[in-house]
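One structure is given here, and the rest of the page talks about it.
In my numbering, the protein residues as written are 3 to 92.
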């Protein structure tokens, strides 16, 4: 199970009578921290930061049609293709 791997990785010892309580805690921890869905505010911040980079002359990662010149549209296209070169820390 995932929580056992987590416990072994960090060297924690769980007694058998406490295993259900720790299982519930680690299940909650793993399901909440692993989900990498962004809120609309985080998405807007990432697209805004990338569009600012593009407007200042940063290279574009994807092939853009010639009729699209707006940096925001280009940043949205990069976001939808999952190629934005921005690292998100938790």
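Just so it is clear, CB atoms sit at the ideal spot from N, CA and C, and this is done for glycine as well.
6 Å CB neighbourhood of residue i in its chain, flanking five on each side removed
i: residue 60; result: none
i: residue 44; result: none
i: residue 15; result: Low local confidence applies: a pLDDT of 48 at residue 15 is under 50, so the model's placement there is unreliable, and no value is given.
Contact set for residue i: own chain, Cβ-Cβ below 7 Å, skip 5 residues either direction
i: residue 78; result: 49
DSSP state of residue i mapped onto helix, strand, coil
i: residue 12; result: Low local confidence applies: a pLDDT of 49 at residue 12 is under 50, so the model's placement there is unreliable, and no value is given.
i: residue 56; result: helix
i: residue 73; result: helix
i: residue 90; result: coil
i: residue 48; result: helix
i: residue 68; result: coil
Residue of the options minimising C-alpha distance to residue i
i: residue 73; options: 42, 58, 39 and 90; result: 58
i: residue 54; options: 91, 75, 84 and 42; result: 75
Same chain, Cβ closer than 8 Å to residue i, neighbours up to 5 away in sequence not counted
i: residue 88; result: 48, 51 and 52
Touch test, the segment 61 to 69 against the segment 79 to 89, Cβ-Cβ under 8 Å, three pairs minimum: yes
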